[in-house]
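Engineer: The opening residue of the sequence shown carries number 136 in my numbering; numbering runs sequentially from there. Every residue, glycine too, gets a C-beta built ideally from N, C-alpha and C.
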Amino acid sequence: MPQSASGRAKRGIQAGICIFLLALAACARFPDAPTTGGVRRIAVEVQVAGRIRPDYHYFVLFNLSNDPTGQAGPVPVVAPPWGNGFAAGAFTHFMRFDSLQPAGGYALYRVQPNTNLSVFQYLGAPRFSEPITAESNRLRFEIDLTQFIPNPVDAAQMQFIQLNIIATDRLPLDPNDPTRKVVDALGDPNLGVSQYLNLRIDQNRIVRNADTNLEPRGDVPDPDLDIVDWRVEVRAL
Numbered sequence: 136m137p138q139s140a141s142g143r144a145k146r147g148i149q150a151g152i153c154i155f156l157l158a159l160a161a162c163a164r165f166p167d168a169p170t171t172g173g174v175r176r177i178a179v180e181v182q183v184a185g186r187i188r189p190d191y192h193y194f195v196l197f198n199l200s201n202d203p204t205g206q207a208g209p210v211p212v213v214a215p216p217w218g219n220g221f222a223a224g225a226f227t228h229f230m231r232f233d234s235l236q237p238a239g240g241y242a243l244y245r246v247q248p249n250t251n252l253s254v255f256q257y258l259g260a261p262r263f264s265e266p267i268t269a270e271s272n273r274l275r276f277e278i279d280l281t282q283f284i285p286n287p288v289d290a291a292q293m294q295f296i297q298l299n300i301i302a303t304d305r306l307p308l309d310p311n312d313p314t315r316k317v318v319d320a321l322g323d324p325n326l327g328v329s330q331y332l333n334l335r336i337d338q339n340r341i342v343r344n345a346d347t348n349l350e351p352r353g354d355v356p357d358p359d360l361d362i363v364d365w366r367v368e369v370r371a372l
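(1) Just to confirm the assignment, what range does the alpha helix (DSSP H) spanning Pro288 have?
(2) Which residues does DSSP pair with Asp364 in a beta bridge?
(3) What are the uninterrupted segments assigned as beta strand (DSSP E) that are 3 or more residues long and contained completely in the segment 249-273, given in chain order?
(4) Under a three-way DSSP split, which group does Asp233 fall into?
(5) Enumerate in chain order the residues of its own chain whose CB-to-CB distance from Arg186 is below 7 angstroms, with the five nearest sequence positions on each side excluded.
(6) Keeping to the same chain, check which residues put their C-beta closer than 7 angstroms to that of Ile148; ignore five residues upstream and five downstream.
(7) What does the alpha-carbon distance come out to for the pair Leu252 and Asn299?
(8) From what residue to what residue does the beta strand (DSSP E) around Asp319 run?
(9) With 16 other CB atoms within 10 Å as the buried threshold, where does Asp289 fall?
(10) Tell me, please, whether the segment 345-362 touches the segment 314-333 by the rule of three or more beta-carbon pairs shorter than 8 angstroms.
(11) Spell out a yes or no on whether the segment 193-203 and the segment 304-313 are touching, meaning 3 or more CB-CB pairs, one atom from each, closer than 8 angstroms.
(12) Given Ser234, which residues of its chain have a CB within under 8 angstroms of its CB, disregarding the five upstream and five downstream residues?
(13) Measure the alpha-carbon distance for Pro209 versus Gln297 and round it to whole angstroms.
(14) Please state the DSSP three-state secondary structure of Asp279.
(15) On the criterion of 16 or more Cβ atoms from any shown chain inside 10 Å, does Pro211 qualify as buried, or is it exposed?
(16) The alpha helix (DSSP H) spanning Asn325 covers which residue range?
(17) Between the C-alpha atoms of Pro169 and Asp312, what's the straight-line distance to the nearest angstrom?
(18) Taking just the CA atoms, how far does Met230 sit from Ala223?
(19) Return helix, strand or coil for Thr314, following the three-state DSSP convention.
(20) As a quick exercise: from Asn198, Phe276, Arg175, Asn333, pick the residue whose alpha carbon is nearest that of Gln248.
(21) Checking contacts by CB at 9 angstroms: is His228 closer than that to chain C?
(22) Around the C-beta of Thr171, are 16 or more other C-beta atoms found within 10 angstroms, so that it is buried, or is it exposed?
(23) Please go through the same chain and pick out, in chain order, the residues whose beta-carbon is closer than 7 angstroms to the beta-carbon of Thr281, but skip the five residues on each side of it.
Next comes the structure, spelled out in C-alpha cells:
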C-alpha cells in the first residue's frame, strides 16, 4: 500500500535523527592517547644497590611550586641542626616508606604551611604500591595529583614540580645530636649535596636516571641506602 506524504516525511525525520545521533557519538569519543591537559598520574620507581629495609627510611619529596625555573626544591638533611630529621629546602608533599607507616609501609603526607617543615598531614596510601619482600631492591608507587590537590581544575593547572629521593638510616630530631647518619639523595656528592629533579608534568613523559646521570652508584657505603636507579612516569588519567 503506497505511503502517504505525511508517512514519508515522518520516516525522513527519523532517519535524519539517527544520522545526527551517530555523528554525535563519533565526535564524543575520547582521544586514544592524550598528551596534554587533564589531571595527571605520577608513577615513581626507586632502586637501591642492596635491598629495601623497613627499619630504614625512604622518601620521595615533591615541591608543587609551578615554577618552571625550579629555583627551590627538596634537599636532604645531612648534619645538625637536624630540623625534621630528613629534608630541608622546599617541599610541599612527600611519600614515606618504612615500618612506622600504616599497613604496606607507604604513606603520603602534606606539609602544613608555616610550620618550618615540621608538621605533616597524613593523606592516605598511594593509588598503587608494590609490596616489599625480604628480597626487594626497589620501591614502586603511583599517585594521582588530586591526592595532593583535591580540586581537579586546580590540579590540572600544575605544570612544574621539583622532586627528590632520600634514603637514610635514622631521623634525628635533637639539634645537639652529634651522631653521624648515612643518607643518599639524587645528585653526585662531588658536585654538591643534592640535585633535585625539575619536572614538567602537564605532558605525558618518562624520565629515567639513565637520561640524566643524576644519581651515581656507590656514593654511600651502605648498599641498602645507595640509590642506584630511578624512574618517574607522568601520564594523563
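Structural biologist: In short, the structure shows the following:
(1) Per the sequence shown, the amino acid found at residue 288 is Val instead of Pro. Element bounds for Val288: 287-291.
(2) Gln182
(3) 255-259
(4) coil
(5) Glu270, Ser271, Asn272, Asp359
(6) In this prediction, Ile148 scores a pLDDT of 35, lower than 50, which makes its location untrustworthy; no coordinate-derived value is stated.
(7) 15 angstroms
(8) 318-320
(9) exposed
(10) yes
(11) no
(12) Pro189, Asp190, Gly240
(13) 7 angstroms
(14) strand
(15) buried
(16) Run containing Asn325: none; DSSP gives neither H nor E here.
(17) With a pLDDT of 38 at Pro169, under the threshold of 50, the predicted position of this residue should be treated as unreliable, and no value is reported.
(18) 15 angstroms
(19) coil
(20) Per the sequence shown, residue 248 should be read as Pro rather than Gln. With distances taken between Cα atoms, Pro248 lies closest to Asn198.
(21) Protein chain content of the structure displayed is limited to a single chain, and chain C is not contained in it.
(22) With a pLDDT of 46 at Thr171, under the threshold of 50, the modelled position of that residue is not reliable, and the figure given next carries that caveat. Burial call: exposed.
(23) Val174, Pro287, Ala290
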